[in-house]
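Position 33 of the sequence shown, counting from 1, maps to 1018 under our numbering, and the rest follow consecutively. The beta carbon of each residue, even a glycine, is placed where N, CA and C say it ideally should be. Notes follow once the structure below has been shown.
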Amino acid sequence: MIALFLLFLLWLFLAHRHGFTSSQLGPLIIYVIGVCILTAGTLFFGIFYVLPFIVLGFGLMVVALLIGIVAWLFNRK
986 MIALFLLFLL WLFLAHRHGF TSSQLGPLII YVIGVCILTA GTLFFGIFYV LPFIVLGFGL
1046 MVVALLIGIV AWLFNRK
């Protein structure tokens, strides 16, 4: 999770440095939703119910990072 967060910060830095575009706003929202699902699942449910939230949360975070990186690569000037 720390590695995903560091990748997210790197992606934000690159997006800010090269101009933050609207195509990167969607992945940012998806990433935040993934973090919220992961956090809510681990905080409010017992240990036996956490696995689906971890899978869904991490899945959304990885998908968001991939979409963001691809959008950044195609929108570079």
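> Would a C-beta distance cut-off of 7 Å place residue 1045 and residue 1026 closer than the cut-off?
Replying inline: no
>> One question on the structure: do residue 1050 and residue 991 come within less than 7 Å of each other, judged by their Cβ atoms?
In response: no
> Between the C-alpha atoms of residue 995 and residue 1024, what's the straight-line distance to the nearest angstrom?
Replying inline: 21 Å
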